[in-house]
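When we follow full-length UniProt numbering, the leftmost residue of the sequence shown carries the number 1, and every step to the right adds one.
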Amino acid sequence: MTNIENKVAIVTGAGSGIGRETSIQLAEKGVRVAVVDLSVEGGNETVSLIKEAGFEAFFIQADVGSREDVKHYVEKTVDTYGTIDMFFNNAGIEGAVSPLAEYPEDIFEKVIDINLKGAFYGMKYVLQVMLENGGGSIVNTASNAGLVGSPGVSPYAATKHGVIGLTKTATGEYASQGIRVNAIAPGPTATGMMDRFTQGSEEAKKAVESGIPAGRYGTAKEVASLVVFLLGDEANIINGAVYPIDGGLTSL
Ligand SMILES: NC(=O)c1ccc[n+]([C@@H]2O[C@H](COP(=O)([O-])OP(=O)(O)OC[C@H]3O[C@@H](n4cnc5c(N)ncnc54)[C@H](O)[C@@H]3O)[C@@H](O)[C@H]2O)c1
Numbered sequence: 001m002t003n004i005e006n007k008v009a010i011v012t013g014a015g016s017g018i019g020r021e022t023s024i025q026l027a028e029k030g031v032r033v034a035v036v037d038l039s040v041e042g043g044n045e046t047v048s049l050i051k052e053a054g055f056e057a058f059f060i061q062a063d064v065g066s067r068e069d070v071k072h073y074v075e076k077t078v079d080t081y082g083t084i085d086m087f088f089n090n091a092g093i094e095g096a097v098s099p100l101a102e103y104p105e106d107i108f109e110k111v112i113d114i115n116l117k118g119a120f121y122g123m124k125y126v127l128q129v130m131l132e133n134g135g136g137s138i139v140n141t142a143s144n145a146g147l148v149g150s151p152g153v154s155p156y157a158a159t160k161h162g163v164i165g166l167t168k169t170a171t172g173e174y175a176s177q178g179i180r181v182n183a184i185a186p187g188p189t190a191t192g193m194m195d196r197f198t199q200g201s202e203e204a205k206k207a208v209e210s211g212i213p214a215g216r217y218g219t220a221k222e223v224a225s226l227v228v229f230l231l232g233d234e235a236n237i238i239n240g241a242v243y244p245i246d247g248g249l250t251s252l
């Protein structure tokens, strides 16, 4: 087992879904977790779940699309826990569902701001701390939509392809300085995001599941386990990789 006890992690989008579950699994292994989310309610709930189980975390509200907010969550984590060993750069939104020719431009820009600029700002300011401290590990959340086209969600697909570009580029820039950068590419995963996509319709969910070789959504727990592995020392030789976790969806 990797010993990551007493390490420090930042998790963005930690107020629900994949980010919450990863925060919990990290905390259970003794990691001190900075829980970052736009939602005060979601973020505080994640911290409560962790603290009630006897582990350590604190909440920082931030919009990851704001450079100032990102600088703030990085500084606040270093002030509170002294360093940053691990970074799960995960917050993201789905945007609207519409063909490209009709896609609302304001929503296109919002998806770019949060999913792509947010991922970039997070990497930029966390990398500065990791470089000073001599190493670290980053996992970025891409998507199956970062590997193949996704009709109806053009900016989402564009940003997730972009996250993979940032991942691979940063690997070449920082591997020699003890920093690993990997990405995960989840397929449909049972979180609020998929509920919004399918608008709570069981029929729509079944239609999505029928296109997945495994025949079902992934769970946030399954995705979190992969992230915890990639963040830890057992994955030390893994760098610049993009892991589909999608029940075989992108193998077709
Ligand atoms: N659920 C899926 O099927 C799926 C598939 C592939 C990739 N992903 C990706 O996984 C990541 C996590 O999504 P999830 O499925 O857990 O969804 P979710 O909606 O449950 O969680 C997203 C979290 O991000 C937070 N957030 C949204 N905008 C933010 C902002 N500007 N600043 C800070 N926090 C913000 C939300 O408040 C929420 O807590 C996203 O990047 C998403 O694109 C999800």
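Glycine residues also receive a C-beta, built at the ideal position from the N, C-alpha and C atoms. Since this is a predicted model, take the numbers as computed values, not measurements.
Hey, how far is the Cα of residue i from the Cα of residue j?
i: residue 330; j: Gly-178; result: The chain is shown only over 1 to 252; residue 330 falls outside these bounds and no answer can be derived.
i: Tyr-156; j: Gly-149; result: 10 angstroms
i: Glu-234; j: Leu-226; result: 12 angstroms
i: Ala-14; j: Arg-20; result: 4 angstroms
i: Ser-23; j: Glu-102; result: 37 angstroms
i: Ile-84; j: Ile-60; result: 15 angstroms
i: Val-8; j: Gly-192; result: 27 angstroms
i: Ala-170; j: Leu-127; result: 9 angstroms
i: Phe-120; j: Ala-62; result: 15 angstroms
i: Val-35; j: Ile-114; result: 17 angstroms
i: Thr-77; j: Asn-6; result: 14 angstroms
i: Ala-145; j: Val-40; result: 28 angstroms
i: Asp-246; j: Lys-124; result: 28 angstroms
Under a Cβ-count criterion, where at least 16 other Cβ atoms within 10 Å of its own Cβ denotes burial, should residue i be classed as buried or exposed?
i: Val-228; result: buried
i: Leu-252; result: exposed
i: Gln-25; result: buried
i: Glu-94; result: buried
i: Leu-100; result: exposed
i: Ser-201; result: exposed
i: Ser-154; result: buried
i: Gly-30; result: exposed
i: Lys-206; result: exposed
i: Asp-79; result: exposed
According to DSSP, is residue i part of a helix, a strand, or is it coil?
i: Ile-179; result: strand
i: Gly-43; result: helix
i: Ile-107; result: helix
i: Pro-188; result: coil
i: Asp-246; result: coil
i: Asn-133; result: helix
i: Ala-218; result: One detail in the question is off: residue 218 reads as Gly in this sequence, not Ala. The answer is strand: DSSP assigns Gly-218 an E or B state.
i: Asn-140; result: strand
i: Ser-98; result: strand
i: Val-148; result: coil
i: Asn-236; result: coil
i: Asn-6; result: coil
i: Val-228; result: helix
i: Ala-27; result: helix
i: Gly-172; result: helix
i: Gln-128; result: helix
i: Gly-17; result: helix
Per DSSP, what are the beta-bridge partners of residue i in this structure?
i: Val-35; result: Val-11 and Phe-59
i: Val-153; result: Ser-98
i: Met-86; result: Ala-9 and Ser-137
Going by alpha carbons, who is nearest to residue i out of the options?
i: Val-181; options: Ile-138, Ser-210, Gly-122 and Leu-38; result: Ile-138
i: Val-223; options: Pro-244, Lys-206, Ile-237 and Asn-239; result: Pro-244
i: Gly-92; options: Ala-57, Val-11, Val-47 and Glu-56; result: Val-11
i: Gly-152; options: Thr-141, Phe-108, Met-130 and Ala-190; result: Phe-108
i: Glu-75; options: Ile-212, Gly-54, Gly-122 and Gly-248; result: Gly-122
i: Thr-189; options: Tyr-217, Asn-236, Asn-90 and Ser-176; result: Tyr-217
i: Gly-136; options: Arg-32, Ala-57, Glu-52 and Phe-87; result: Phe-87
Taking only heavy atoms of ligand 3 into account, decide whether any of them is closer than 8 angstroms to the Cβ of residue i.
i: Val-139; result: No copy of ligand 3 appears in this structure; the ligands present are ligand 1.
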